[in-house]
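Numbering (UniProt numbering), first residue to last: 1 to 489.
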């Protein structure tokens, strides 16, 4: 095996701090991951990165320590750069193993000269052709509860600027029945002398019904466009006990945060978005395997029923709309819709003639509704969500109805908020109605100027009353992060 290749790096002096940033940018283009381990002042600094299975290690001159402390600058220009101080609670071995296939201990006896050592990571052995089969097996499911919280601090620039000054949010939890209570803690001017030029941010466990809780967390700041910026997250699940907090002493530089050009304080409001993942109980499922392994084909029931709808085989009822006919099957319609079930069960004309005349649904909407009845899918949901909502309400297709509510909720805007609220009220779409009311209350000034709202005042005054009632009972403004569409199952 060839001897390791040793490369020399030029000395980096304080007046050329930009050189290190450019170096890391170049390494980031070529590498999969960069790990920077820094020690105390006037001691060497170690940099790791990996490219195509090669692991690189270099020792940089101590004078760049102050630059490595500028985490915000490095992280903004090189997102895959990770900084860790040796001797902290973060396991250095794990940090290095994250960027290389084999585990390697980093020696704290670093050299002061600038040098780089290059070594080849061994290739993994080829996979076995025959998959091993065990007679006994166990599957452990670790339950993780995820939830989010948003905290808006108005008039942030007026916060007291004494070092160590603390602001705390209200308590929050994963749900009404969750016994774990959390809050966010902010030090606007840092926690101590070392972090006085930064904003410090922590997640605090306020109350707990267990001896300890393990959780990961992610912090970000929402800019004027409600986009997540300056995100930082924990590298692992930390151990929380009641009254214990974890976070970032140097979350973001104050001068960067207060700079209006960066757009992080619209109307002097700091909006912090926090995502928490709590490790709950684990469940073990064990059993015994047969020595003979069978590969069971995937379930094709939706596809098979969709094909049955398209080829119309063995159909026994005709649905007509606007002069068009659709062949269907009574058993499937009755099993999926209580309305069709009652229609075919009682002595009605539809049962006698095996024919159903539909007058208040467009033929394209009816086709899409029938396809959902057979397959559980609605491929054209975004184009006809409002009409499908009406059809789903009429024929008691609850899942399709909620899917339509979700699609309409993602399209809420100033111009259509009043119309969507009226539509939700007409078809008893309670979830959509609540979201529309929240949206109108949040953007009341703009929505009230639209023609739809002015028309709603005269045609549906009870909705205006409901909107004001909801606004009066709210304790905090119903502003939320950008809604993420839930994938259809």
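All C-beta atoms in this analysis are idealised placements derived from N, C-alpha and C, irrespective of residue type, glycine included. Remember, predicted model here, so these are calculated numbers, not experimental data.
Under 9 Å between C-beta atoms of residue i and residue j
i, j, result
"residue 242", "residue 207", "yes"
"residue 517", "residue 404", "Nothing can be reported for residue 517, as the shown portion of the chain is limited to 1 through 489."
"residue 400", "residue 388", "yes"
"residue 180", "residue 170", "no"
"residue 195", "residue 247", "no"
"residue 213", "residue 278", "yes"
"residue 165", "residue 189", "yes"
"residue 571", "residue 395", "For residue 571 there is no data in the structure shown, the boundaries of the chain being 1 and 489."
"residue 447", "residue 417", "yes"
"residue 511", "residue 393", "Outside the displayed span of the chain (1 to 489) sits residue 511, for which this structure offers no information."
Residue i (DSSP reduced to helix, strand or coil)
i, result
"residue 419", "helix"
"residue 336", "helix"
"residue 473", "helix"
"residue 360", "coil"
"residue 206", "strand"
"residue 219", "strand"
"residue 265", "coil"
"residue 108", "At residue 108 the pLDDT is 34, less than 50, meaning the model places this residue with poor confidence and gives no usable figure here."
"residue 411", "coil"
"residue 456", "helix"
"residue 468", "helix"
"residue 450", "coil"
"residue 281", "strand"
"residue 312", "coil"
"residue 331", "helix"
"residue 226", "coil"
"residue 404", "helix"
"residue 429", "coil"
"residue 490", "The structure shown does not extend to residue 490, since the chain spans only 1 to 489, so no value can be given for it."
"residue 245", "strand"
"residue 253", "strand"
"residue 273", "strand"
"residue 323", "coil"
"residue 444", "helix"
"residue 435", "helix"
From the options, residue whose alpha carbon lies closest to that of residue i
i, options, result
"residue 366", "390, 451, 428, 164", "390"
"residue 495", "330, 449, 273", "Limits of the chain in this structure are 1 at one end and 489 at the other, which puts residue 495 out of reach."
"residue 326", "226, 317, 455", "317"
"residue 425", "394, 410, 463, 453", "463"
"residue 154", "162, 167, 277", "167"
"residue 211", "392, 280, 252", "280"
"residue 274", "232, 353, 139", "232"
"residue 148", "313, 406, 351, 175", "175"
"residue 259", "371, 465, 157", "157"
"residue 338", "141, 221, 398", "398"
Rounded straight-line distance, which links the Cα of residue j to that of residue i
i, j, result
"residue 328", "residue 136", "48 Å"
"residue 363", "residue 321", "6 Å"
"residue 346", "residue 331", "14 Å"
"residue 162", "residue 265", "20 Å"
"residue 473", "residue 319", "47 Å"
"residue 197", "residue 255", "8 Å"
"residue 90", "residue 237", "At residue 90 the pLDDT is 33, less than 50, meaning the model places this residue with poor confidence and gives no usable figure here."
"residue 357", "residue 341", "16 Å"
"residue 272", "residue 300", "45 Å"
"residue 468", "residue 460", "13 Å"
"residue 370", "residue 409", "23 Å"
"residue 359", "residue 368", "16 Å"
"residue 202", "residue 444", "34 Å"
(Q) Quick check for students: name the residue ranges of the alpha helix (DSSP H) that lie wholly in the stretch 122 to 192, counting only runs of 4 or more. (A) none
Q: Note down, one range per segment and in chain order, each alpha helix (DSSP H) of at least 4 residues found wholly within the stretch 340 to 402.
A: 349 to 353, 363 to 375, 385 to 394
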